């Protein structure tokens, strides 16, 4: 890592969780101003932007200065200046896991980068360095490789269900299904499952599916009168790739990532219920943890001094089959079947002792069972974790095995290209 004021700040004192003694969170901003000297800069996933802002609020050095700067995916279409080493480089903000990794790659390789969001392309003012981007937030896993350049470090559990408008013709409790094309009763009309809604007959503009009571539903595009109108998040979204894994195949052509309302055409931003407000029969995947955090926006603002934008627009979490997204205490249902682990991606060399680019701050923050992000607590509490406060589940010490079938241990590096 480049030696900079950022690195020096991180070395001044061991990282501590701020505010516990007094129960007051330090002031925090999602997109810090240049010169505020955060040690580590995070870009990428919409899913984990808010919990990362929570970390940024409470994890500080011994002087109370923040160690983390987290830049919101929802501020994409703007540029920021995260680095502290001259010449300072203006960097376009990433929207989603894919773009976050693109920024990290540019920082590792020392290249400039361009990102397109909302039809606007922004280019960095110069070549990025490791001082500009140290971490990419990711809500999807990588393809594991023992000699990979990147280390995916899991820190929490999330789950994904579909949301709809409060009043809709889309049924609650649509099962995931076993395979695309499932037809349990063999009558030639495929079952009403999420796999069939999103993947069956991929070139068909519409399909007819039936539930267990043999009631039929037409699935099609907006404006066709279909009872169910499926949508997917924007390109590059970690939730987009995770949901595709869950449905077990490619998205059908009838599944759109844009919708229209009275003001024009809009991209479907992940974890934003605007599409369900504009299209009453829409369904779209939504992070349960994000939905919880957005429902607690006022409380989180008070506790952490961070702004969580409530973008639900009254979108309602739905059951998948008989599985409910929330438990009796309105927390994430630990047994929800469509679950995943969320990650921070770093350069593997940066967490490898003896490497020329070794970064002890990354190790202290993210690596091992005592990593700062795994142990951070709500200001004023010794028991409530930041992870749980922002809607996520903690990873058990023995690890967790989500939908992808791999067991992950929190704070452990999993290498990928």
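Residue numbers (mature numbering (1 follows the signal peptide of the UniProt record, and there is no 0)): -30 to -1, 1 to 387.
All residues carry an ideal CB built from backbone N, CA and C; glycine is no exception.
Small disclaimer: the values here were computed from a predicted structure and weren't measured.
Where residue 57 falls, given that 16 or more other Cβ within 10 Å makes a residue buried: What you label residue 57 is simply residue 87 of the chain shown in a count that begins at 1. Residue 57 is exposed by the Cβ-count criterion.
Beta strand (DSSP E) runs contained entirely in the segment 192 to 252, provided each spans 3 or more residues: 228 to 231 and 234 to 237
Counted within 10 angstroms of its Cβ, other Cβ atoms place residue 354 as buried (16 or more) or exposed: Position 384 of the chain shown, counted from the start, is the residue given in the question as residue 354. Result: exposed.
Rounded straight-line distance, which links the Cα of residue 145 to that of residue 165: As a working mapping, residue 165 is identified with position 195 in the chain shown. As a working mapping, residue 145 is identified with position 175 in the chain shown. Taking the straight line joining both Cα atoms gives about 9 angstroms.
Short Cβ contact (7 angstroms threshold) for residue 398 with residue 121: Coverage of the chain is limited to positions -30 through 387, which leaves residue 398 absent and any answer about it impossible.
Beta-carbon spacing of residue 199, residue 249 below 7 angstroms: Start at 1 with the first residue of the chain shown, and residue 199 comes out as number 229. Start at 1 with the first residue of the chain shown, and residue 249 comes out as number 279. In this structure, residue 249 lies closer than 7 angstroms to residue 199 by Cβ.
Residue 293 versus residue 98: straight-line alpha-carbon distance, rounded: As a working note, residue 293 is residue 323 in the chain shown. As a working note, residue 98 is residue 128 in the chain shown. Cα-Cα distance, rounded: 45 angstroms.
Inter-residue CB distance, residue 73 and residue 59 (contact presumed, cutoff 8 angstroms): By one-based count along the chain shown, residue 73 stands at place 103. By one-based count along the chain shown, residue 59 stands at place 89. With a Cβ gap of about 11 angstroms, residue 73 and residue 59 do not count as contacting.
Euclidean distance between Cα positions of residue 349 and residue 50: Residue numbering aside, residue 349 sits at position 379 when the chain shown is read from its first letter. Residue numbering aside, residue 50 sits at position 80 when the chain shown is read from its first letter. The straight-line gap from Cα to Cα measures roughly 28 angstroms.
Simplified DSSP assignment, three categories, for residue 165: Translated into the one-based positions of the chain shown, residue 165 becomes position 195. Three-state result, residue 165: helix.
Three or more C-beta pairs below 8 angstroms linking the segment 363 to 375 and the segment 27 to 40: no
DSSP three-state assignment for residue 274, whether helix, strand or coil: The sequence position of residue 274 within the chain shown is 304, counting from 1. Three-state DSSP puts residue 274 in a helix.
Cβ-Cβ distance between residue 332 and residue 316 below 7 angstroms: Residue mapping note: residue 332 aligns to position 362 of the chain shown, counting from 1. Residue mapping note: residue 316 aligns to position 346 of the chain shown, counting from 1. Cβ distance < 7 angstroms, so residue 332 and residue 316 count as in contact.
Own chain partners of residue 247 with C-beta closer than 6 angstroms, once the 5 adjacent residues on each side are dropped: Here residue 247 is taken as the residue at index 277 of the chain shown, counted from 1. Same-chain partners within the cutoff: 283.
Residue burial classification, residue 143 (beta-carbon count within 10 angstroms, cutoff 16): Position 173 of the chain shown, counted from the start, is the residue given in the question as residue 143. By the 10 Å Cβ count, residue 143 comes out exposed.
Rounded separation between residue 138 and residue 251 - CA only: Within the chain shown, the letter at position 168 stands for residue 138. Within the chain shown, the letter at position 281 stands for residue 251. Computed Cα separation, rounded: 5 angstroms.
Closest Cα partner of residue 107 within the set 136, 148, 14 and 27: If you number the chain shown from 1, residue 107 lands on position 137. Nearest option by C-alpha distance: 14.
Neighbourhood of residue 12 by C-beta distance below 6 angstroms, restricted to the same chain and skipping five residues each side: Start at 1 with the first residue of the chain shown, and residue 12 comes out as number 42. Closer than 6 angstroms at the Cβ level, and outside the excluded window around residue 12, lie 22, 40, 105 and 107.
Closest by C-alpha distance to residue 232, when choosing among 383, 244, 221 and 239: For the purposes of this step, residue 232 is taken as residue 262 along the chain shown, with counting starting at 1. Here the closest residue by C-alpha is 244.
Spatial distance of residue 63 from residue 203 (CA atoms): Start at 1 with the first residue of the chain shown, and residue 63 comes out as number 93. Start at 1 with the first residue of the chain shown, and residue 203 comes out as number 233. In a straight line, the C-alpha of residue 63 is about 18 angstroms away from that of residue 203.
Among 28, 178, 86 and 309, the one whose alpha carbon lies nearest that of residue 388: Only positions -30 to 387 of the chain appear in the structure, and residue 388 is not among them; the question remains open.
Closest Cα partner of residue 55 within the set 96, 16, 26 and 367: Counted from its first residue, the chain shown places residue 55 at position 85. For residue 55, the nearest C-alpha among the options comes from 96.
Beta carbon of residue 297 nearer than 7 angstroms to that of residue 303: Stepping through the chain shown from its first residue, residue 297 is reached at position 327. Stepping through the chain shown from its first residue, residue 303 is reached at position 333. Against a cut-off of 7 angstroms, the Cβ pair of residue 303 and residue 297 comes out as a contact.
Per DSSP, cross-strand counterpart(s) of residue 314: Along the chain shown, one-based indexing puts residue 314 at 344. Note: residue 314 sits in a beta bridge opposite 107 and 123.
DSSP state of residue 296 mapped onto helix, strand, coil: In the chain shown, counting from the first residue as 1, residue 296 sits at position 326. The answer is strand: DSSP assigns residue 296 an E or B state.
Classification of residue 116 by the beta-carbon crowding that lies within 10 angstroms, buried from 16 upward: Taking the chain shown and counting its residues from 1, one reaches residue 116 at position 146. Burial is judged here by how many other beta carbons sit within 10 angstroms of a residue's own beta carbon; residue 116 has fewer than 16 and is exposed.
Terminal residues of the alpha helix (DSSP H) in which residue 72 lies: For the purposes of this step, residue 72 is identified with residue 102 of the chain shown, where counting begins at 1. Taken as a continuous stretch (DSSP letters only), the alpha helix (DSSP H) holding residue 72 covers 67 to 79.
Buried or exposed (CB count within 10 angstroms, at least 16 for buried), residue 65: Indexing the chain shown from 1 puts residue 65 at position 95. Answer is buried; the Cβ neighbour count reaches 16.
Neighbourhood of residue 70 by C-beta distance below 7 angstroms, restricted to the same chain and skipping five residues each side: Translated into the one-based positions of the chain shown, residue 70 becomes position 100. If we look at residue 70 and ignore the five residues flanking it on each side, its Cβ neighbours are 13, 14, 15, 64, 106, 107 and 108.
heavy atom of the ligand SAM below 6 angstroms from residue 113 C-beta: Absence of the ligand SAM is noted for the structure shown, with no ligands found whatsoever.
Beta-carbon spacing of residue 118, residue 356 below 7 angstroms: To locate residue 118, count along the chain shown from 1; it is residue 148. To locate residue 356, count along the chain shown from 1; it is residue 386. In this structure, the beta-carbon distance from residue 118 to residue 356 does not fall below 7 angstroms.
Residue range of the unbroken alpha helix (DSSP H) whose run includes residue 359: In the chain shown, residue 359 corresponds to position 389, counting from 1. Element bounds for residue 359: 356 to 359.
CA-to-CA distance, residue 176 to residue 191, given in whole angstroms: For the purposes of this step, residue 191 is taken as residue 221 along the chain shown, with counting starting at 1. For the purposes of this step, residue 176 is taken as residue 206 along the chain shown, with counting starting at 1. Roughly 7 angstroms separates the two Cα atoms.
Host alpha helix (DSSP H) of residue 365 (start-end): The count along the chain shown starts at 1 and reaches residue 365 at position 395. It is not in any alpha helix (DSSP H) - residue 365 carries neither H nor E in the DSSP assignment.
With 16 other Cβ atoms within 10 Å as the buried cut-off, status of residue 213: Here residue 213 corresponds to residue number 243 of the chain shown, with the count starting at 1. Looking at its Cβ environment, which holds 16 or more other Cβ atoms inside 10 Å, residue 213 is buried.
For residue 101, the nearest candidate out of 344, 339, 168 and 328 (CA to CA): In the chain shown, counting from the first residue as 1, residue 101 sits at position 131. When only C-alpha atoms are compared, the closest one is 328.
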